[in-house]
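The listed protein sequences correspond, in order, to chains B and G.
In this text, residue positions in the first sequence follow the numbering used here: the first is 132, and each later residue adds one.
In this text, residue positions in the second sequence follow the numbering used here: the first is 132, and each later residue adds one.
In this text, a Cβ means the ideal position worked out from N, Cα and C, and glycines have one as well.
Single-structure report; data block below.
There are 2 protein chains.
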Amino acid sequence: MTEQFVLFPDPPPPDLVRTLDLSGYAWTATNTATDLSDVEPDSGWTGAIVSADADPEKAWAICRELRKRDVPVEPLLLLVNGSQLEELQARDELFDDFMISPFHPRELEARLRHLLWRVGRGVRPDVIEYGPLSLNLETYQAQVSGHPLDLTFMEYELLKFLASHPGKVFTRETLLNRVWGYEYYGGARTVDVHVRRLRAKLGEEHAHMIQTLRSVGYKLGQSRW
Amino acid sequence: MTEQFVLFPDPPPPDLVRTLDLSGYAWTATNTATDLSDVEPDSGWTGAIVSADADPEKAWAICRELRKRDVPVEPLLLLVNGSQLEELQARDELFDDFMISPFHPRELEARLRHLLWRVGRGVRPDVIEYGPLSLNLETYQAQVSGHPLDLTFMEYELLKFLASHPGKVFTRETLLNRVWGYEYYGGARTVDVHVRRLRAKLGEEHAHMIQTLRSVGYKLGQSRW
DNA sequence: CACAATGTGAACGGCGTGTGAAACGGCGTC
DNA sequence: GACGCCGTTTCACACGCCGTTCACATTGTG
């Protein structure tokens with residue numbers, strides 16, 4: 132119900148308005164980002180759609196304003212015409228997605244839906260996924276490639292922490308601090324045993340997801356470069 | 132820098148190939164995700180571009196495969212035609228961005244650039260770079276001109292220290308103190324052996340990056356004067 | 001040419017890690 | 001309160017990597 136988009140400019144492009152209305156999205160148009168706070172809904176803006184068609188310079192300014200707020204407006208969809216594609220370069224941080232106008236109404240719907248899904252996932256991750264691994268944080272269930280894993284509490288916590296930072300290496304010391312707690316005082320070999328059990332439960336096929344870095348620690352998966 | 136994209140299907144759409152070639156992106160086409168590991172570059176795939184135009188069902192299957200790997204392929208750009216936009220619904224997790232074909236070559240360029248930028252900044256690049264050399268301090272990965280190096284702990288530490296001060300010459304004594312630790316007491320020739328192994332692993336092409344200064348010590352790279 | 005410094009190959013051995021099993025401790029049941 | 005179960009921690013031992021050292025070859029320098 133409280134889907135409220137910010138639109139630029141005011142008045143917005145007719146085809147944009149038409150599609151939003153048909154899709155059931157509410158919107159508010161503006162020409163200046165400064166006075167946005169006055170009309171901002173309590174739940175915050177759902178996102179922004181900025182058309183750079185008419186006044187590109189001002190559109191970029193609006194984007195910057197929207198991004199500079201205490202709570203940046205996300206997602207931000209940019210509408211450009213074909214000749215403006217080069218302008219996107221070196222401005223990657225100012226928008227989340229873009230679309231070439233004139234556009235297909237269904238494309239706008241699809242992009243908005245996908246953008247909302249993406250930010251929704253980012254803000255409140257109730258599941259952590261990495262490759263074949265999937266951790267449901269609400270139900271404490273874990274599975275690899277569809278097969279559920281019967282993990283104990285500590286095993287789950289360790290795997291969750293590793294999967295939250297894929298590719299990053301953690302020393303046993305760090306793992307003890309972050310997973311077991313700062314007040315924990317015990318042997319570092321405890322980590323080894325839990326890693327061993329995790330590998331066993333991951334199965335031979337996925338055991339290598341947790342890698343050992345000799346005289347350093349452990350990491351889950353690999354990040355490229 | 133080896134930018135290597137995975138393309139589906141094989142052969143890929145001609146306009147896609149043409150644009151990628153013109154933009155200077157390397158690519159590999161495939162019809163099955165299973166045999167991808169055989170041709171995967173050492174540095175991993177840069178991303179994937181899946182065309183759902185010809186065979187939508189198989190395209191979705193490919194997307195799932197690419198996402199379920201131990202190292203998920205990211206970013207994944209989906210190519211659809213206008214009538215397939217509805218199929219995107221409820222499949223948000225299978226792609227990062229989509230584009231309607233036929234497409235404007237500049238749009239493809241812009242989307243790829245923005246996608247690469249996004250995934251690139253997603254992981255905070257805590258890396259040391261010097262020339263073709265690149266050290267990821269978080270994952271303890273090292274590579275020269277795209278090829279990963281399989282370094283041991285001490286080799287990595289030594290290379291990291293040298294790369295942190297490019298062009299500067301260090302005596303064996305200094306290296307022992309700074310890399311091995313101040314309390315270390317052992318023969319200085321240990322450094323020589325590690326330098327030798329580093330040179331070997333750097334490959335003949337880059338072995339000269341570590342230079343010997345007779346009766347002084349070692350340095351990495353050239354000091355510019 | 002002589003000597004020193006460095007490169008090279010190989011071998012030793014310590015130490016980090018994997019592995020199996022036992023001990024510990026909390027918690028619920030009888 | 002005694003017992004047993006289960007998750008966790010600790011211990012002991014074996015294995016193999018890899019850091020270190022040595023002997024010898026090669027290169028460079030006065």
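Point to revise | Contact the stretch 283-297 of chain G vs the stretch 311-326 of chain B: 3+ CB pairs below 8 angstroms | key: The stretch 283-297 of chain G and the stretch 311-326 of chain B do not touch, with fewer than 3 CB-CB distances between them shorter than 8 angstroms.
Point to revise | Whole runs of the beta strand (DSSP E) within the stretch 187-256 of chain B, excluding any shorter than 3 residues | key: Taking only runs of at least 3 residues, the beta strand (DSSP E) segments lying wholly in the stretch 187-256 of chain B are 207-211, 228-231.
Review point. Which residues, in order along the stretch 202-223 of chain B, keep a beta-carbon less than 8 angstroms from a beta-carbon of chain G?
Key: If the cut-off is 8 angstroms between Cβ atoms, the stretch 202-223 of chain B has Gly213, Leu216, Glu217, Leu219, Gln220, Asp223 near chain G.
Practice item. Could you work out which residues of chain B lie near Thr270 of chain G, taking near to mean beta carbons separated by less than 8 angstroms? Key: Counted from its first residue, the second sequence places residue 270 of chain G at position 139. Under a criterion of Cβ atoms nearer than 8 angstroms, the residues of chain B adjacent to Thr270 of chain G are, in order, Gly298, Lys299, Val300, Lys350, Gln353, Ser354.
Point to revise | Distance, Leu219 of chain G Cα to Leu209 of chain G Cα | key: In the second sequence, the residue the question calls residue 209 of chain G occupies position 78. In the second sequence, the residue the question calls residue 219 of chain G occupies position 88. Cα-Cα distance, rounded: 10 angstroms.
Exercise for review: Quick one: measure Cβ to Cβ for Phe226 of chain G and Cys194 of chain G, integer angstroms, because I've assumed they're closer than 8 angstroms.
Suggested key: Your numbering for residue 226 of chain G matches position 95 in the second sequence. Your numbering for residue 194 of chain G matches position 63 in the second sequence. 6 angstroms between Cβ atoms; contact.
**Study point:** Alpha-carbon spacing of His337 of chain G relative to Leu138 of chain B, whole angstroms
**Key:** Taking the second sequence and counting its residues from 1, one reaches residue 337 of chain G at position 206. Taking the first sequence and counting its residues from 1, one reaches residue 138 of chain B at position 7. Near 53 angstroms, if we compare the C-alpha coordinates of Leu138 of chain B and His337 of chain G.
Review point. Along the stretch 278-292 of chain G, what residues have a CB closer than 8 angstroms to any CB found in chain B?
Key: The stretch 278-292 of chain G vs chain B, Cβ under 8 angstroms: Thr283, Phe284.
Review point. If you draw a straight line from the alpha carbon of Asp184 of chain B to that of Arg244 of chain G, how long is it in whole angstroms?
Key: Counting from 1 along the first sequence, the entry for residue 184 of chain B is found at position 53. Counting from 1 along the second sequence, the entry for residue 244 of chain G is found at position 113. Taking C-alpha positions only, Asp184 of chain B is separated from Arg244 of chain G by approximately 21 angstroms.
Practice item. Following the continuous alpha helix (DSSP H) through Thr150 of chain G, name the residue where it begins and the one where it ends. Key: Taking the second sequence and counting its residues from 1, one reaches residue 150 of chain G at position 19. In this chain, the alpha helix (DSSP H) harbouring Thr150 of chain G covers 145-154.
Review point. Opposite Gln353 of chain G in the DSSP bridges: which residues?
Key: On the second sequence, position 222 is the one that residue 353 of chain G refers to. Here Gln353 of chain G is not bridged, per DSSP, to any residue.
Point to revise | Anticipated Cβ contact below 8 angstroms, Val258 of chain B with Leu247 of chain B, distance rounded | key: Along the first sequence, read from residue 1 onward, the residue named residue 258 of chain B stands at position 127. Along the first sequence, read from residue 1 onward, the residue named residue 247 of chain B stands at position 116. About 17 angstroms separates the beta carbon of Val258 of chain B from that of Leu247 of chain B, a gap too long to meet the 8 angstroms contact definition.
Practice item. Would you mind stating whether Phe301 of chain G and Lys350 of chain G have Cβ atoms separated by less than 8 angstroms? Key: Taking the first residue of the second sequence as position 1, residue 301 of chain G is located at position 170. Taking the first residue of the second sequence as position 1, residue 350 of chain G is located at position 219. Yes, these two residues count as a Cβ contact at 8 angstroms.
Exercise for review: May I have the straight-line CA-CA distance separating Trp176 of chain G from Asp141 of chain B, to the nearest angstrom?
Suggested key: Taking the second sequence and counting its residues from 1, one reaches residue 176 of chain G at position 45. Taking the first sequence and counting its residues from 1, one reaches residue 141 of chain B at position 10. So the alpha carbons of these two residues sit roughly 43 angstroms apart.
Check your understanding: Would you report the Cα separation of Arg309 of chain G and Pro297 of chain G, rounded to the nearest angstrom?
Key -> Against the second sequence, residue 309 of chain G aligns to sequence position 178. Against the second sequence, residue 297 of chain G aligns to sequence position 166. If I take the Cα positions, the gap works out to 15 angstroms.
Practice item. Go to Ser168 of chain B, then tell me how far its alpha helix (DSSP H) extends in each direction, as first and last residue. Key: To locate residue 168 of chain B, count along the first sequence from 1; it is residue 37. 167-170 is the extent of the alpha helix (DSSP H) around Ser168 of chain B.
Check your understanding: Who are the near neighbours of Trp158 of chain B in its chain, counting only those whose CB is closer than 6 angstroms to its CB and skipping five residues on each side?
Key -> Your numbering for residue 158 of chain B matches position 27 in the first sequence. Answer for Trp158 of chain B: Phe136, Leu138, Leu151, listed in chain order.
**Study point:** Through-space distance from Arg237 of chain G to Glu217 of chain B, alpha-carbon basis
**Key:** Within the first sequence, the letter at position 86 stands for residue 217 of chain B. Within the second sequence, the letter at position 106 stands for residue 237 of chain G. Glu217 of chain B and Arg237 of chain G have their alpha carbons spaced roughly 8 angstroms apart.
**Study point:** Proximity winner among G:Ser276, G:Ala192, G:Arg249, G:Tyr271, relative to Gly262 of chain G (alpha-carbon distances)
**Key:** As a working mapping, residue 262 of chain G is identified with position 131 in the second sequence. The option with the nearest alpha carbon to Gly262 of chain G is G:Ser276.
**Study point:** CB contact flag (Leu280 of chain B, Lys332 of chain B, <8 angstroms)
**Key:** Translated into the one-based positions of the first sequence, residue 280 of chain B becomes position 149. Translated into the one-based positions of the first sequence, residue 332 of chain B becomes position 201. Yes, they are a contact pair.
Exercise for review: Thinking Glu260 of chain G and Ser154 of chain G are a contact (beta carbons under 8 angstroms), I'd like their distance in whole angstroms, please.
Suggested key: As a first step, residue 260 of chain G must be located in the second sequence, where it is residue number 129. As a first step, residue 154 of chain G must be located in the second sequence, where it is residue number 23. Contact between Glu260 of chain G and Ser154 of chain G does not hold, since their C-beta atoms are separated by about 23 angstroms, which reaches or exceeds 8 angstroms.
Point to revise | Start-to-end residues for the alpha helix (DSSP H) that takes in Tyr316 of chain B | key: Stepping through the first sequence from its first residue, residue 316 of chain B is reached at position 185. Membership of Tyr316 of chain B in any alpha helix (DSSP H) is not indicated, and neither H nor E is assigned to it by DSSP.
Practice item. Could you give the DSSP three-state label for Thr270 of chain B: helix, strand or coil? Key: Counted from its first residue, the first sequence places residue 270 of chain B at position 139. Thr270 of chain B sits in coil when the DSSP states are folded into three classes, being neither helix nor strand.
Point to revise | Reduced DSSP secondary structure (H/G/I, E/B, other) of Val300 of chain B | key: The count along the first sequence starts at 1 and reaches residue 300 of chain B at position 169. In the structure shown, Val300 of chain B sits in coil (DSSP, three-state: anything other than H, G, I, E or B).
**Study point:** Nearest neighbour of Arg222 of chain B, chosen from G:Ile180, G:Leu207, G:Arg249, G:Asp166 [CA to CA]
**Key:** Numbered from 1 along the first sequence, position 91 holds the residue referred to as residue 222 of chain B. A check of alpha carbon separations from Arg222 of chain B across G:Ile180, G:Leu207, G:Arg249, G:Asp166 identifies G:Arg249 as the nearest.
Check your understanding: With a cut-off of 8 angstroms, does the C-beta of Gly262 of chain B fall near any C-beta of chain G?
Key -> What you label residue 262 of chain B is simply residue 131 of the first sequence in a count that begins at 1. Using a CB distance cut-off of 8 angstroms, Gly262 of chain B counts as an interface residue toward chain G.
Review point. If Leu147 of chain G and Gly178 of chain G are in contact, beta carbons under 8 angstroms, what's the gap, nearest whole angstrom?
Key: As a position in the second sequence, residue 147 of chain G is number 16, starting the count at 1. As a position in the second sequence, residue 178 of chain G is number 47, starting the count at 1. About 13 angstroms separates the two Cβ atoms, so there is no contact after all.
Point to revise | Helix, strand or coil at Glu335 of chain G [DSSP, three-state] | key: Residue numbering aside, residue 335 of chain G sits at position 204 when the second sequence is read from its first letter. Looking at Glu335 of chain G - three-state DSSP - the assignment turns out to be coil, as it is neither helix nor strand.
Point to revise | Residue span of the alpha helix (DSSP H) that contains Tyr134 of chain G, given as start and end | key: Within the second sequence, residue 134 of chain G is the residue found at index 3, counting from 1. At residue 134 of chain G the sequence reads Glu, which differs from the Tyr that was named. Looking at the DSSP string, Glu134 of chain G is not in any alpha helix (DSSP H), and its letter there is neither H nor E.
Practice item. Taking only the alpha-carbon atoms, compute the straight-line gap between Val347 of chain G and Glu288 of chain G and give it to the nearest angstrom. Key: Mapped onto the second sequence, residue 347 of chain G falls at position 216. Mapped onto the second sequence, residue 288 of chain G falls at position 157. Distance between the alpha carbons of Val347 of chain G and Glu288 of chain G: 20 angstroms.
Point to revise | Integer-rounded CB distance, given that Gly352 of chain B should sit under 8 angstroms from Val202 of chain G | key: By one-based count along the second sequence, residue 202 of chain G stands at place 71. By one-based count along the first sequence, residue 352 of chain B stands at place 221. Beta-carbon to beta-carbon, Val202 of chain G and Gly352 of chain B are separated by about 6 angstroms, close enough to satisfy the 8 angstroms threshold.
Review point. Is Glu238 of chain B close to chain G, meaning its C-beta is less than 8 angstroms from at least one C-beta of that chain?
Key: Here residue 238 of chain B refers to the residue found at position 107 of the first sequence. So, interface residue.
Review point. Taking the alpha carbon of Thr343 of chain G as the point to measure from, which residue in G:Tyr316, G:Asn212, G:Ile231, G:Arg303 has its own alpha carbon closest?
Key: Counting from 1 along the second sequence, the entry for residue 343 of chain G is found at position 212. Each of G:Tyr316, G:Asn212, G:Ile231, G:Arg303 was checked against the Cα of Thr343 of chain G, and the nearest Cα belongs to G:Arg303.
Point to revise | Residue burial classification, Thr270 of chain G (beta-carbon count within 10 angstroms, cutoff 16) | key: Taking the first residue of the second sequence as position 1, residue 270 of chain G is located at position 139. Per the 10 Å Cβ criterion, buried.
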